[in-house]
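Chemist: Please see the structure below; I have some questions.
Protein chains: 2
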Amino acid sequence: MGGDHGPSVVLPGLAKVLERRADVQFVLFGRSDAVVPILETLPRLKAASTFHHCEVSVRMDDKPSQALRHGRRDSSMWKAIEAVKNGDADVCVSAGNTGALMAMAKVCLKTLGPIERPAIAAIWPTIKSECIVLDVGATIGGDAQQLVDFAILGSAMAHAVFQLERPKVGLLNVGVEEIKGQEQVKDAGQMLRDAGLDSMDYTGFVEGDDIGKGTVDVVVTEGFSGNIALKTAEGTAKLIAEYLRDAMSRTLMAKIGYLFARSAFSRLREKLDVRKVNGGVFLGLSGLVVKSHGGTDAEGIAAAVELGYDMVRRRLLDTIRADLDRYHARPQIQAEPAAAAAAAGQ
Amino acid sequence: MGGDHGPSVVLPGLAKVLERRADVQFVLFGRSDAVVPILETLPRLKAASTFHHCEVSVRMDDKPSQALRHGRRDSSMWKAIEAVKNGDADVCVSAGNTGALMAMAKVCLKTLGPIERPAIAAIWPTIKSECIVLDVGATIGGDAQQLVDFAILGSAMAHAVFQLERPKVGLLNVGVEEIKGQEQVKDAGQMLRDAGLDSMDYTGFVEGDDIGKGTVDVVVTEGFSGNIALKTAEGTAKLIAEYLRDAMSRTLMAKIGYLFARSAFSRLREKLDVRKVNGGVFLGLSGLVVKSHGGTDAEGIAAAVELGYDMVRRRLLDTIRADLDRYHARPQIQAEPAAAAAAAGQ
């Protein structure tokens, strides 16, 4: 039911996934009057889906606290998250209200054992390929331990999504002042160096311009600066696109040049296509949740669902549990992995 | 002596300023063996300049504390700042080590009366025109009062540089979480609303993508997130330029298109030319200091100097003193402006 266009965009998006991931199965939650008529026009999708009518749907402008209060357990959003908790689904994907989705996911799925606060991870285009940035908005502030946990979560995701054995991880910091950066960032750096984890290659501090350069595979920061970085990058991309459009339409010569180079511009547009990297991944919970951009189209929805699908196939949650166990059991006596995983999953 | 290329770029930059601001006069500090030979080739510049030989120069990789310790009062950087303090110069411009420059400026010039920590303000291109973002790296963290002070400093600079009567001011924040954003940002917003200052139009919170949109004339934040935003925007611009270059050189048609649209591409390059908006302005000190990018060319140096020149001409420091007085004297009995300004200048 979520996003700017609801089922009219979400369902065609799922139909696209089905063309590319033939074994996928969908459990759909929403109002039947909105979903069923469209589902009827997509027979292949209908055959691969189970539909559950939900009277209530969370609105895009509901406050998270409202979404939690008013009949929350009847809403399509809650039911979709609950399906992950109950094992009826492997991953929940929503294009709805981010704050409500995160609040419900925290209440329903709970955080993994040692994790205090979950993070939202974004996939970011770089000159080399792509990187993961987290947290981009679930937290404000956070201590060194939290940043270390984010590094573990992010490197596990890079392992699953980019199929890297030992992803390069950097802590986002600033380089201007004498005492460079925040205390907690420095402490987190020391902790990661001391831990010497097999699962990641901690390379030290990175600055804002390193994100787009692709200096590392995973950029770790707390949610305030991470969200500002993400939105600033989006704003900068729009600014440059606007400049380019303006420059290309200003003279006849430029317009002719544009015609010749049209395929090159399509290529550029494709490279910068945010739909391809659509999907904020909620990490640190005992189940997987992917938040799609609300304003995206069917292709964007498909990308978010496929991201979820691929993370499930590559057993992201198992990797996260094992990496967290290994880190947090480190100073003490090594806990029995199976028991720790079960405790973490509670 | 500062920057990647020293006097070989700085002096030609000053010569450019002289062509455009005929009444400017320069007080130059540096090693005579590096400066004098180049100055001899620029007779007009030589005639408009006073040169002071300084044996010591701060290195680009000196730590600020080192720069303050070792013979600091003999260095060209210190002497240039001191010239502002002594009234021998109206503004100090340096392409040198930012951390050392800020540390020396704080020690030599001191902060203005009620200001606890100075900020670095950057001019940022927007879809509409330009805006000012501060702090981009002088501080880490900061309380609500500090953000309010930054708002006053930034709006005074927008008044001087953009010649706006009542600049629009926004506080940088995030919009994802229930309890939106940092406590200190919320408190600062309340304080600015309560103050109802004539000198600015406080419009509320803005997010990262609002910077490039030009939603406001002044974006206020503490230096950690401000520096990350600035560097992330730089990185994104480089990323897109790289994509564009790649797309335009990939096929014959694209190359032909590029030839036709060459002037449009020059126009774009000009729009994105960081040299034009070169210059971080140190605000909150009892004198003006402009930090030029170290890697810039003569045109960039000229832009930084002209920014300083224009701020002096438009009496930025007087505006800042008056605005700070008005704000800080607000709850108490109105202080005598002249006396307060004198006290602030100590």
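Chains as they are written, first to last, in our numbering: chain E, 1430 to 1775; chain A, 1430 to 1775. Quick reminder that beta carbons are idealized off the backbone N, C-alpha and C, glycines included.
1) At least one CB of chain A closer than 8 Å to the CB of Val1603 of chain E: is that the case?
2) At 8 Å on the CB atoms, spell out the chain A contacts of Pro1554 of chain E, in chain order.
3) Using Cβ-Cβ distances below 9 Å, what residues of the region 1626 to 1640 of chain E are close to chain A?
4) Please list, in chain order, all residues of the same chain as Glu1606 of chain A whose beta carbon is under 8 Å from its beta carbon, the five residues on each side excluded.
5) Going by CA-CA distance only, name the one from E:Gly1570, E:Phe1579, E:Val1520, E:Asp1752 that's closest to Ile1549 of chain E.
6) If Pro1596 of chain A and Val1565 of chain A are in contact, beta carbons under 8 Å, what's the gap, nearest whole angstrom?
7) Checking contacts by CB at 8 Å: is Ala1551 of chain A closer than that to chain E?
8) When the Cα atoms are used, what is the spatial distance from Cys1537 of chain A to Arg1488 of chain E?
9) Would you report the Cα separation of Gln1763 of chain E and Val1635 of chain E, rounded to the nearest angstrom?
10) In angstroms with no decimal places, state the Cα-to-Cα distance between Glu1699 of chain A and Ala1670 of chain A.
11) Determine, using beta carbons only, whether Lys1615 of chain A comes closer than 8 Å to chain E.
12) Residues of chain A with CB closer than 9 Å to the CB of Lys1660 of chain E, please, in chain order.
13) What runs of the beta strand (DSSP E), each 3 residues or longer, lie entirely inside the region 1526 to 1582 of chain E?
14) Give the DSSP-derived three-state secondary structure of Ser1715 of chain E in the structure shown.
15) Taking a cut of 7 Å between CB atoms, which residues from the region 1448 to 1477 of chain A lie near chain E?
16) Using a Cβ cut-off of 8 Å, which residues of the region 1704 to 1730 of chain A contact any Cβ in chain B, in chain order?
17) If Met1586 of chain A sits next to Val1710 of chain A, beta carbons under 8 Å apart, how far is it from one beta carbon to the other, in whole angstroms?
18) Does Ala1732 of chain E get closer than 8 Å to chain A when you measure Cβ to Cβ?
19) Would you please state the rounded distance, in angstroms, between the beta carbons of Gly1664 of chain E and Ile1569 of chain A? I believe it to be under 8 Å.
20) Determine the DSSP secondary structure at Val1734 of chain E, reduced to helix, strand or coil.
21) Which class does Lys1667 of chain E belong to by DSSP, given the choice of helix, strand or coil?
22) Taking only beta-carbon atoms, is Ile1569 of chain E less than 8 Å away from chain A?
23) Need the endpoints of the beta strand (DSSP E) that Lys1492 of chain E sits in, please.
24) Can the beta-carbon of Ala1534 of chain A be found closer than 8 Å to that of Leu1714 of chain A?
25) With a Cβ-Cβ cutoff of 8 Å, do Ala1482 of chain E and Ser1461 of chain E count as a contact?
26) Compare the Cα-Cα distances from Ser1695 of chain A to each of E:Phe1689, E:Ala1676, E:Phe1694 and report the closest residue.
27) Is there a C-beta anywhere in chain E that falls below 8 Å from the one on Glu1671 of chain A?
28) At a Cβ threshold of 8 Å, is Lys1539 of chain E touching chain A?
29) Any beta carbon of chain E sitting closer than 8 Å to that of Ile1685 of chain A?
30) What would DSSP say about Val1645 of chain A, mapped onto helix, strand or coil?
31) Going by Cα to Cα distance, which pick from A:Leu1626, A:Lys1557, A:Ser1494 is closest to Asn1526 of chain A?
32) Who are Tyr1631 of chain A's beta bridge partners in DSSP?
33) Indicate the three-state DSSP secondary structure (helix, strand or coil) for Gly1709 of chain A in the structure shown.
34) Please report the residue range of the alpha helix (DSSP H) in which His1757 of chain E lies.
35) Sorted by chain position, which residues of the same chain lie with C-beta nearer than 6 Å to Arg1501 of chain A's C-beta, five sequence neighbours on each side aside?
36) Let me see if you follow: with CB-CB separation under 8 Å, is Ala1777 of chain E close to chain A or not?
Modeler: Per the coordinate set shown:
1) yes
2) Leu1668
3) Glu1636, Gly1637, Asp1638, Asp1639, Ile1640
4) Caution applies to Glu1606 of chain A, whose pLDDT of 44 falls short of 50 and renders its modelled position unreliable; the model cannot decide the point.
5) E:Phe1579
6) At roughly 17 Å, the Cβ-Cβ gap does not stay under 8 Å, so Pro1596 of chain A and Val1565 of chain A are not in contact.
7) no
8) 56 Å
9) At Gln1763 of chain E the pLDDT is 42, less than 50, meaning the model places this residue with poor confidence and gives no usable figure here.
10) 13 Å
11) no
12) Val1603, Gly1604, Glu1636, Gly1637, Asp1638, Asp1639, Ile1640, Ala1658
13) 1548 to 1554, 1559 to 1563
14) coil
15) none
16) In the structure shown, chain B does not exist; the protein chains are E and A.
17) 6 Å
18) no
19) Gly1664 of chain E to Ile1569 of chain A, Cβ: 23 Å. No contact.
20) helix
21) helix
22) yes
23) Counting along the chain, Lys1492 of chain E falls outside any beta strand (DSSP E), and DSSP gives it neither H nor E.
24) yes
25) With the sequence shown as reference, residue 1482 of chain E is identified as His, and Ala is not the correct amino acid for it. Closer than 8 Å, so yes.
26) E:Ala1676
27) yes
28) no
29) yes
30) coil
31) A:Ser1494
32) A:Val1598
33) strand
34) 1745 to 1757
35) Trp1507
36) Residue 1777 of chain E is absent from the structure shown; chain E starts at 1430 and stops at 1775.
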